[in-house]
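What follows is a single structure, written as C-alpha cells, with notes after it.
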Amino acid sequence: LRQAMEAHRARVEEGMFYALEQKARRNRVSRIDPAYWVSLGYEHGSDYGLSVWRPLAWMLGGIVSSVFLLWCIGIGVFGVTGHAAANPAAVINDALLFSTRQTFLPFDALRTTDAILAEYTFNPGGTGWLRAWGTVLSLFEALAGLLLILAVRWRYRR
20 LRQAMEAHRA RVEEGMFYAL EQKARRNRVS RIDPAYWVSL GYEHGSDYGL
70 SVWRPLAWML GGIVSSVFLL WCIGIGVFGV TGHAAANPAA VINDALLFST
120 RQTFLPFDAL RTTDAILAEY TFNPGGTGWL RAWGTVLSLF EALAGLLLIL
170 AVRWRYRR
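Taken in order, the sequence shown gives residues 20 to 177; the numbers are from the working numbering.
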C-alpha cells in the first residue's frame with residue numbers, strides 16, 4: 020500500500036500509513052526494548068515526520084521552560100538567588116540570551132569562560148550547574164532540530 024501511494028505521489032497518505040506501521044511495530048515490542056522508546060519519542064516528537072510544527076513547538080517550549088527555570092533561580096524562588104542587585108527584567112533578558120545561545124550555538128556553555136558565565140544575573144554562584152544545564156538544553160534542542168529536519172525532508176523529498 021505504501022509503495023502504491025508513493026508511486027502516485029500521495030505523500031501525506033504515505034506518511035500516515037508509515038506512522039500506522041510504526042505504531043503497530045511498537046505495540047509488538049517489549050517496553051524494555053530501546054526500540055519501543057525510540058518509536059514513542061519519534062511519535063511524540065514529530066508524529067513520525069508528519070508534523071513540522073511539533074518539533075518547532077518542542078524547540079520553543081525548551082527555550083521558554085529554560086527561561087522560566089533560570090528566572091525562578093535568579094529571583095530566588097528555590098531559595099537561592101542570583102546577583103543581589105539584579106532586577107527581574109535583567110534576569111529574564113540574561114535567561115533568554117543564555118537559552119537561545121544554547122539552541123542556536125549548541126554547547127555554547129561548554130565553550131564560554133567561567134568569567135562570562137559568572138556575569139549572568141541569574142547565576143547564584145559557580146558555573147558547573149550552568150554548564151550542565153546548558154549541555155542538557157543543547158542536547159534537547161539538537162534532538163528537536165533533528166526531528167524538524169527529518170519532518171521537512173519527509174514532506175518535501177523528491
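Where is the CB? At the ideal position from N, CA and C, for every residue including glycine.
Reference residue i, options the options, closest by Cα
| i | options | result |
| --- | --- | --- |
| P125 | Y139, M78 and S58 | M78 |
| I111 | A134, F141 and T132 | F141 |
| A161 | S58, E40, E62 and T122 | T122 |
| V86 | L129, D133, D52 and L149 | L149 |
| R73 | E62, V83 and I82 | E62 |
| Y139 | A38, P107, I168 and Y175 | P107 |
| A38 | G64, P53, T119 and C91 | G64 |
Pairwise C-alpha distance: residue j and residue i
| i | j | result |
| --- | --- | --- |
| W152 | L89 | 10 Å |
| S70 | A170 | 6 Å |
| Y55 | G147 | 34 Å |
| G164 | F36 | 24 Å |
| L158 | G95 | 27 Å |
| V48 | A109 | 49 Å |
| P143 | A137 | 8 Å |
| L59 | Y67 | 9 Å |
| A76 | G145 | 31 Å |
Where residue i falls: helix, strand or coil (DSSP)
| i | result |
| --- | --- |
| G95 | coil |
| R177 | Confidence at R177 is low in this model, with a pLDDT of 44, below 50, so the placement of that residue should be treated as unreliable; the coordinate-derived value is given next. In this structure, R177 counts as coil in the three-state DSSP scheme. |
| P74 | helix |
| R50 | coil |
| E138 | coil |
| F87 | helix |
| T154 | helix |
| G145 | coil |
| F126 | coil |
N- and C-terminal bounds of the alpha helix (DSSP H) containing residue i
| i | result |
| --- | --- |
| N112 | P107 to F123 |
| L69 | Element bounds for L69: n/a, residue is neither H nor E. |
Within-8 Å CB hit, residue i to chain B
| i | result |
| --- | --- |
| R172 | Included in the structure is just one protein chain, with no chain B present. |
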